[in-house]
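Residue numbers (UniProt numbering): 1 to 101.
Structural data, given as structure tokens:
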């Protein structure tokens with residue numbers, strides 16, 4: 001018997017790729033926050049248009065995309081993968097800084 005995918009955004013015919021909003025973590029959550037973004041896009045425009053979107057790193061840890069992008073040095077992004085990579089790298093740097101203290 002197939003598993004039920006109701007309310008998760010998963011499965012065939014759901015119209016969504018990947019987990020539903022709120023069920024994704026890490027880079028998948030960054031990707032969801034960028035839904036509808038057009039690339040290439042400047043960091044400034046990305047923050048203005050999508051900065052309020054929540055990114056969930058773990059079940060108990062989230063931040064706005066704008067907050068995550070503020071400390072990223074890159075000024076322009078060519079794709080969703082480009083943003084996800086920059087945010088992920090920044091997140092790893094911050095996590096490393098916390099463990100060194």
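For each residue, glycine too, the CB sits at the ideal point set by N, CA and C.
6 Å Cβ shell around residue i - same chain, five flanking residues per side excluded
i, result
"residue 77", "41, 83"
"residue 80", "31, 34"
Check whether residue i and residue j have beta carbons under 8 Å apart
i, j, result
"residue 69", "residue 46", "yes"
"residue 71", "residue 90", "yes"
Start and end residues, beta strand (DSSP E) containing residue i
i, result
"residue 50", "First-last for residue 50: 43-50, but that is the alpha helix (DSSP H), not the beta strand (DSSP E)."
Residue i: first and last residue of the uninterrupted alpha helix (DSSP H) it sits in
i, result
"residue 27", "27-33"
"residue 69", "65-70"
Close beta carbons around residue i, own chain, < 8 Å, minus the five adjacent residues each side
i, result
"residue 64", "51, 52, 53, 54, 55"
Cβ neighbours of residue i in the same chain (closer than 7 Å, five flanking residues each side left out)
i, result
"residue 66", "47, 51, 52"
"residue 58", "25"
Minimum Cβ-Cβ distance from residue i to chain B less than 8 Å
i, result
"residue 48", "The structure shown has no chain B; it contains just one protein chain."
Can you find at least 3 beta carbon pairs, one from the segment 50-62 and one from the segment 22-34, that sit closer than 8 Å?
With a cut-off of 8 Å on Cβ pairs, the segment 50-62 is in contact with the segment 22-34, counting three or more such pairs.
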